[in-house]
Amino acid sequence: MDTPTPLRSGFGHDSTADDVLAGSDLGGRFAVVTGGYSGLGLEMTRSLARAGAEVLVPARRPDRAGEVLADVPRASVAALDLSDQADVRRLAGDVRAAGRPVDLVVNAAGIMRGPRTTVGPGWEAHLAVHHLGHFTLTVLLAPVLAEGARVVGLSSAGHFLSDMRWEDPHFARPGAYDRWTAYGQSKTAVSLAALHLDGLLAPRGAHAFSVHPGSILTPLQREVPLRTRRELGWVVGEDDRPAPGFKTPEQGAATAVWAATSPLLEGHGGAYCQDCDIAAPADSDDMLAGGVKPWVLDRGAAERLWWWSAGATGVGAVL
Ligand SMILES: NC(=O)c1ccc[n+]([C@@H]2O[C@H](COP(=O)([O-])OP(=O)(O)OC[C@H]3O[C@@H](n4cnc5c(N)ncnc54)[C@H](OP(=O)(O)O)[C@@H]3O)[C@@H](O)[C@H]2O)c1
7 MDTPTPLRSG FGHDSTADDV LAGSDLGGRF AVVTGGYSGL GLEMTRSLAR
57 AGAEVLVPAR RPDRAGEVLA DVPRASVAAL DLSDQADVRR LAGDVRAAGR
107 PVDLVVNAAG IMRGPRTTVG PGWEAHLAVH HLGHFTLTVL LAPVLAEGAR
157 VVGLSSAGHF LSDMRWEDPH FARPGAYDRW TAYGQSKTAV SLAALHLDGL
207 LAPRGAHAFS VHPGSILTPL QREVPLRTRR ELGWVVGEDD RPAPGFKTPE
257 QGAATAVWAA TSPLLEGHGG AYCQDCDIAA PADSDDMLAG GVKPWVLDRG
307 AAERLWWWSA GATGVGAVL
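According to this note's numbering, the sequence shown is numbered sequentially starting from 7.
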């Protein structure tokens with residue numbers, strides 16, 4: 007991929023999803039937002055709906071999602087566990103059967119730093135949920151993507167922590183598992199998948215992007231003990247408030263919504279974005295400063311991941 011260059015979008019670190027969508031009319035648009043009932047996904051759902059979009063929120067806890075979204079107009083809920091490939095196929099089939107073209111897919115559902123967990127055929131849980139679950143969902147929704155549709159994957163500066171571990175992606179080797187490495191690899195996978203998917207979608211006028219939303223305290227950090235959050239400098243002061251540089255959830259939702267809608271991104275398909283712009287190459291290992299590491303811009307690795315994923319899931323050989 008060419009060296010990524012920010013576009014000077016006019017939005018930035020402090021912009022909110024509502025700022026990005028101010029003046030936008032998404033009436034008649036249909037969006038699917040996984041995880042759209044918590045943290046950043048919830049703010050994306052609210053903003054997209056406020057701008058007029060109808061938003062389907064596939065949810066691991068549909069009852070909870072129904073409660074949270076009860077006051078959000080044009081939002082609806084469907085059950086989905088992304089760690090269960092059969093469930094992903096069922097949900098995608100239901101959406102296809104409904105016959106409505108999908109304009110936006112925002113793959114926001116996620117987990118962080120959990121203990122070693124395997125799902126299905128021994129898949130590591132971060133990789134299974136963040137990448138393989140969303141891979142199957144997106145591939146199976148591809149036939150009903152509207153002209154000009156966008157697919158946005160929630161990656162993370164966590165991609166700094168690991169390239170693809172091709173020799174042992176599921177941490178099957180004894181002692182190999184590390185919570186942060188697992189999170190990091192899965193986020194690298196999200197970005198690589200967007201890079202390759204964009205090329206597959208481009209002929210039909212649709213595009214894929216991945217985004218780092220920033221650093222935001224949400225339920226995502228439930229597996230990170232408070233002591234660790236303090237040591238990492240994520241919270242400060244007697245009241246453990248978010249550290250300087252952290253965003254609010256409304257700000258954390260902005261980059262995904264921007265990637266889902268900004269006309270500026272035409273011609274930049276596959277880009278990794280942060281702070282409502284294309285991310286520049288990372289010039290340090292400071293994840294709060296962000297930027298993009300070269301291994302998520304590697305088209306060869308993106309194609310390799312695509313075919314590896316197609317083999318694992320049984321979908322994706324043809325879009
Ligand atoms: N917060 C940050 O600082 C940050 C930074 C970089 C990247 N991100 C990424 O941004 C995304 C959203 O994070 P967030 O902070 O909004 O987290 P969050 O508040 O925990 O929301 C994540 C959502 O994903 C859902 N989910 C988890 N596993 C699932 C599964 N197997 N099937 C279906 N849904 C599932 C969760 O469901 P439950 O409510 O049922 O658990 C929750 O609704 C994640 O992909 C995360 O990695 C966040």
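The beta-carbon is built from N, C-alpha and C at its ideal position, and this holds for glycine as well.
Closest by CA to Leu-271, which one among Val-78, Ala-115, His-213 and Ser-192? The count along the sequence shown starts at 1 and reaches residue 271 at position 265. Ranking Val-78, Ala-115, His-213 and Ser-192 by Cα distance to Leu-271 puts His-213 first.
I'd like to confirm something about Gly-220: is its beta-carbon nearer than 8 angstroms to some heavy atom of ligand 1, or not? Walking along the sequence shown from the start, residue 220 turns up at place 214. Result yes, Cβ under 8 angstroms from ligand 1.
Cys-279 - partner residues in DSSP beta bridges: Your numbering for residue 279 matches position 273 in the sequence shown. According to DSSP, Cys-279 bridges with Val-217 and Ile-284.
Quick check on Val-230: does DSSP put it in helix, strand or coil? On the sequence shown, residue 230 is found 224 positions in, with the first residue counted as 1. Three-state result, Val-230: coil.
Can you give me the Cβ contacts of Arg-96 inside the same chain, cut-off strictly under 8 angstroms, excluding the 5 residues immediately before and after it? Residue numbering aside, residue 96 sits at position 90 when the sequence shown is read from its first letter. Nothing meets the Cβ criterion.
Where does Gly-164 sit, in a helix, a strand or coil, going by DSSP? The residue labelled residue 164 in the question sits at position 158 within the sequence shown. Of the three classes helix, strand and coil, the one that applies to Gly-164 here is helix, per DSSP.
Below 9 angstroms between beta carbons: does that hold for Ser-30 and Thr-234? Here residue 30 is taken as the residue at index 24 of the sequence shown, counted from 1. Here residue 234 is taken as the residue at index 228 of the sequence shown, counted from 1. No. Outside cutoff.
With Glu-73 as the anchor, note down where its alpha helix (DSSP H) starts and where it stops. Locating residue 73 in the sequence shown gives position 67, where the first residue counts as 1. In the DSSP assignment, Glu-73 falls within the alpha helix (DSSP H) that extends over 68–74.
Does Thr-11 come out as helix, strand or coil in the three-state DSSP assignment? Translated into positions along the sequence shown, residue 11 becomes position 5. Correct three-state label for Thr-11: coil.
Can you look up Ala-178 in the DSSP assignment and give me helix, strand or coil? Translated into the one-based positions of the sequence shown, residue 178 becomes position 172. Reduced to three states, the DSSP call for Ala-178 is coil.
Just the Cα atoms here: how many angstroms apart are Leu-294 and Ser-221? Counted from its first residue, the sequence shown places residue 294 at position 288. Counted from its first residue, the sequence shown places residue 221 at position 215. One C-alpha to the other measures close to 7 angstroms.
Cα-Cα separation between Thr-9 and Gly-251, rounded to whole angstroms: Residue 9 sits at position 3 when you count from the first residue of the sequence shown. Residue 251 sits at position 245 when you count from the first residue of the sequence shown. Straight-line Cα distance between these residues: approximately 26 angstroms.
Quick one: is the Cβ of Gln-91 within less than 8 angstroms of any heavy atom of ligand 1? As a first step, residue 91 is located in the sequence shown; it is residue number 85 there, counting from the start. No, the Cβ of Gln-91 stays beyond 8 angstroms of every heavy atom of ligand 1.
Pick out the complete alpha helix (DSSP H) segments inside the region 122–163, 4 residues or longer, and give them in chain order. 140–147
At which residue ranges does the region 234–315 contain complete alpha helix (DSSP H) runs of 4 or more residues, listed in the order of the chain? 255–258 and 260–267
Below 8 angstroms on the Cβ atoms is my contact criterion, and I expect Phe-36 with Val-112 to pass it. Report the Cβ-Cβ distance as a whole number of Å. Residue 36 sits at position 30 when you count from the first residue of the sequence shown. Residue 112 sits at position 106 when you count from the first residue of the sequence shown. Actually they do not touch by this definition, with Cβ atoms about 12 angstroms apart.
Own chain partners of Lys-253 with C-beta closer than 6 angstroms, once the 5 adjacent residues on each side are dropped: Translated into the one-based positions of the sequence shown, residue 253 becomes position 247. For Lys-253, where only same-chain residues beyond five positions count, the Cβ hits under 6 angstroms are Gly-220 and Ile-222.
Mind checking whether the beta-carbon of Gln-257 lies closer than 8 angstroms to any heavy atom of ligand 1? Mapped onto the sequence shown, residue 257 falls at position 251. The answer is no for Gln-257.
In whole angstroms, give me the CA-to-CA distance for Leu-146 and Arg-156. To locate residue 146, count along the sequence shown from 1; it is residue 140. To locate residue 156, count along the sequence shown from 1; it is residue 150. Roughly 15 angstroms between the two C-alpha positions.
List the whole-angstrom C-beta distance separating Tyr-183 from His-132, where the pair is believed to meet the contact cut-off of C-beta under 8 angstroms. Taking the first residue of the sequence shown as position 1, residue 183 is located at position 177. Taking the first residue of the sequence shown as position 1, residue 132 is located at position 126. About 10 angstroms separates the two Cβ atoms, so there is no contact after all.
Helix, strand or coil at Glu-173 [DSSP, three-state]: Looking up residue 173 in the sequence shown gives position 167. If DSSP states are grouped into helix, strand and coil, Glu-173 belongs with coil.
Taking Val-315 as the reference, give the member of Pro-127, Leu-62 and Phe-141 with the closest Cα. As a working note, residue 315 is residue 309 in the sequence shown. As written in the sequence, residue 315 is Ser, which differs from the Val given in the question. Of the listed residues, the one whose Cα sits closest to Ser-315 is Phe-141.
Helix, strand or coil for Pro-332 per DSSP? Within the shown structure, residues of the chain are numbered from 7 to 325, placing residue 332 beyond reach of any answer.
Can you confirm whether the region 156–165 touches the region 188–203 when touching is taken to mean that 3 or more C-beta pairs between the two stretches lie within less than 8 angstroms? yes
Inter-residue Cα distance where the pair is Ala-114 and Glu-244: Taking the sequence shown and counting its residues from 1, one reaches residue 114 at position 108. Taking the sequence shown and counting its residues from 1, one reaches residue 244 at position 238. If I take the Cα positions, the gap works out to 31 angstroms.
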